[in-house]
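Novice: Numbering (the numbering used here), first residue to last: 1247 to 1332.
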């Protein structure tokens, strides 16, 4: 099981917007930039999946999202948790 192309694009958008932009700690930005590279290469580790899930949960708890974005994040969290169990 892996992220679909659509899920990858959505995930890239959320992680880039909130964790790779210039307003975060450079180490955090570099860390998530490298995760984004591994997402596109489909070589995520258990640690990467945990970081992705935690990042999405942080977005869900702290960012006011529209209904569609909220559902997208929930779906990505569910998918990431499934991937973590394999």
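Yeah, the Cβ is synthetic: ideal placement off N, Cα and C, and Gly gets one too.
Scan the segment 1264 to 1301 and note each continuous alpha helix (DSSP H) run of 4 residues or more that stays entirely inside, going in chain order.
Specialist: Segments of the alpha helix (DSSP H) lying fully in the segment 1264 to 1301: 1272 to 1287.
Novice: With C-beta atoms as the reference, is residue 1327 less than 8 Å away from residue 1299?
Specialist: Going by C-beta atoms, residue 1327 is nearer than 8 Å to residue 1299.
Novice: Using 8 Å as the cut-off, can you tell me whether the segment 1247 to 1257 makes contact with the segment 1280 to 1293, which would need three or more C-beta pairs spanning the two stretches below that distance?
Specialist: Counting Cβ pairs under 8 Å, three or more are found: they touch.
Novice: Check the C-beta distance from residue 1325 over to residue 1252 and give it rounded, since I have them as a contact under 8 Å.
Specialist: Not a contact, Cβ separation roughly 11 Å.
Novice: Would you call residue 1309 buried or exposed, if buried means 16 or more other Cβ atoms sit within 10 Å of its Cβ?
Specialist: With fewer than 16 Cβ atoms within 10 Å of its Cβ, residue 1309 is classed as exposed.
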